[in-house]
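Asker: Per my numbering, residue 407 is the first one in the sequence shown, and the count goes up by one each step.
Idealized CB from N, CA, C, for every residue including glycine.
I'd like to ask some things about the structure below.
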Amino acid sequence: AYMALYHADEAIVVTNPEVSSVRDSDRILGILNSKSKRAEHGDEPVKQHLLLTRYDLDRVQRGEMLKLDDVLEILAIPVLGVIPQCGSVLQASNLGMPVVLDDKSKAGEAYKDAVARLLGEDVELRYVTPQKRGLVDWLLRRSA
């Protein structure tokens with residue numbers, strides 16, 4: 407892993423919105439900024455992107471998980487994508503199928519969006535703000 411990091415021109419740092427994971431990612435960014443070939447030679451820094459996975463808006467709202475803004479404040483790198491917590495990821499993994507092939511998966515859509523952004527497309531972030539729920543959703547939650 408160190409050799410890949412050493413020779414990297416671009417890096418996607420993948421983290422979860424948990425304190426320990428974000429701290430580990432911050433350490434990796436420090437290594438990229440100081441120990442890569444580019445850093446040693448004084449060249450332009452490694453281009454860095456953040457991919458935030460397992461993001462659960464309900465847990466964020468309850469204060470059980472870091473908000474995207476908190477993660478961005480700590481890591482200070484551009485966000486490539488936010489992948490929502492989604493049961494389809496485990497299901498796809500158990501089937502040996504990439505989740506991006508599941509057209510009904512929010513995580514699959516978010517991964518596709520991240521790839522599009524990496525390729526230079528201007529794609530709005532999804533699944534980072536709570537959706538306004540309608541009366542039916544409110545009634546269903548109250549009866550549960």
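1. Name the two residues that bound the continuous alpha helix (DSSP H) containing residue 453.
2. Quick one: Cα of residue 434 to Cα of residue 509, how far?
3. Between which residues of its own chain and residue 444 is the CB-CB distance below 7 Å, once the five residues before and five after are set aside?
4. Whose CA, out of 418, 463, 522, 482, lies closest to the CA of residue 490?
5. Count the other CB atoms, across all protein chains shown, that sit within 10 Å of the CB of residue 440; report buried if there are 16 or more and exposed otherwise.
6. Tell me the DSSP secondary structure of residue 469 in three-state form.
Answerer: To lay it out plainly:
1. Where residue 453 is concerned, there is no enclosing alpha helix (DSSP H), although the beta strand (DSSP E) it sits in stretches over 453 to 461.
2. 33 Å
3. 450, 451, 452
4. 463
5. exposed
6. coil
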